[in-house]
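**Student:**
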Amino acid sequence: KAGVTQTPRYLIKTRGQQVTLSCSPISGHRSVSWYQQTPGQGLQFLFEYFSETQRNKGNFPGRFSGRQFSNSRSEMNVSTLELGDSALYLCASSLEAGATTDTQYFGPGTRLTVL
Amino acid sequence: AQSVAQPEDQVNVAEGNPLTVKCTYSVSGNPYLFWYVQYPNRGLQFLLKYITGDNLVKGSYGFEAEFNKSQTSFHLKKPSALVSDSALYFCAVRDYNFNKFYFGSGTKLNVKP
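Those protein sequence lines, which keep their order, are chains U and W.
Just so we're aligned, residue 1 is where the first sequence starts under my numbering, counting upward by one.
Just so we're aligned, residue 1 is where the second sequence starts under my numbering, counting upward by one.
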C-alpha cells in the first residue's frame, strides 16, 4: 500500500506570495493532519480534516488554511508569506478522526523556503 | 494541559550498547503514547505505540518502550544500538478529549561505531 505523498517536496517563494501544498493520504485513510516543523519550535499542529470538515485547529494565524476533498486528499494554503513561515510542512493520515488509538502516518514533507 | 517532555536534546551511545531515549508525559485521562523516528529530510516514521495492556511495548527495528504509569514515563529502548539508528526521535501523546497529537521537542540519537 502506498504511503502518504506530498507535493511538491521543495518550494522556494518570496515574502508576500502565497503557496499551496498538497497531500494524498494512505488509501482508505479519511483523516489528514498538517504540522509545521521548525528547528526552534519543533513540531506544531496546524489542523486536521476529516470528511472534508476541519475537526481541529492549532494556534496559527488565519493566513494558514486548508481543505479536504471528497477523495480525502488535502491541501493547505499559506497566504502573504513571511520569512518565519520557512519550515518543513508535514502531512499525516490516519484511518478515522476521533479514534484515539489510531496511528498517524507521515509523508516526507514539503520544505518551504521563504526569501 | 496535555504535554510531552523529552529532557535530553541529544543522546550519545556506542554501537552495540543499549540505548534509552527518555519521555515523560502529562495528560488527563488515559495516555495514548507514540514514538516516531525522523531521518534527515524525511517525514516521521512510526515506531510503536502504547494504548493499554502490557507495559513493555515492542515496535519496529528492534525498538521497545516501557510505560510507567507512576512515573508518567514512556522511555524508548533498544538492547543493542546500530549506527543506522542515528536519527531524531519524537515522543507523542494523543489527547483523548481534543483528539490532538502533542509532540515532544525531539531527541537526537548519535550512535558511534
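Beta carbons are placed, not taken as given, at the ideal position from N, Cα and C, and that holds for glycine.
For the beta strand (DSSP E) that contains W:E15, what are its first and last residues?
**Tutor:** Per DSSP, W:E15 belongs to no beta strand (DSSP E) and is neither H nor E.
**Student:** For U:P25, count the other beta carbons within 10 Å of its own beta carbon; 16 or more makes it buried, fewer makes it exposed. Which is it?
**Tutor:** buried
**Student:** Can you give the beta carbon distance from U:M76 to U:S65, rounded, assuming they're within the 8 Å contact cut?
**Tutor:** Rounded, the Cβ-Cβ distance is 7 Å, consistent with contact.
**Student:** Can you name, in chain order, every residue of its own chain whose Cβ lies under 6 Å from the Cβ of U:Q54, other than the five neighbours on each side?
**Tutor:** F47
**Student:** Indicate whether U:L21 and U:Y105 have their beta-carbon atoms separated by less than 8 Å.
**Tutor:** no
**Student:** By Cβ distance, which residues of its chain are closer than 8 Å to U:G3, with the 5 residues on each side in sequence left out?
**Tutor:** Annotation for U:G3: I26, Y105, G107 place their beta carbon closer than 8 Å to its own, counting only its chain and skipping 5 residues before and after.
**Student:** Between U:T7 and chain W, is there a C-beta pair that is closer than 8 Å?
**Tutor:** no
**Student:** In angstroms, rounded to a whole number, what distance separates the CA positions of W:G104 and W:F90?
**Tutor:** 6 Å
**Student:** Using a Cβ-Cβ cut-off of 8 Å, state whether U:G107 counts as contacting chain W.
**Tutor:** yes
**Student:** Can you list, in chain order, the residues of its chain with a C-beta nearer than 7 Å to that of W:Y102? Leave out the 5 residues immediately preceding and following it.
**Tutor:** Q2, S3, V4, A92, V93, D95
**Student:** Any idea what DSSP makes of U:L83, helix, strand or coil?
**Tutor:** helix
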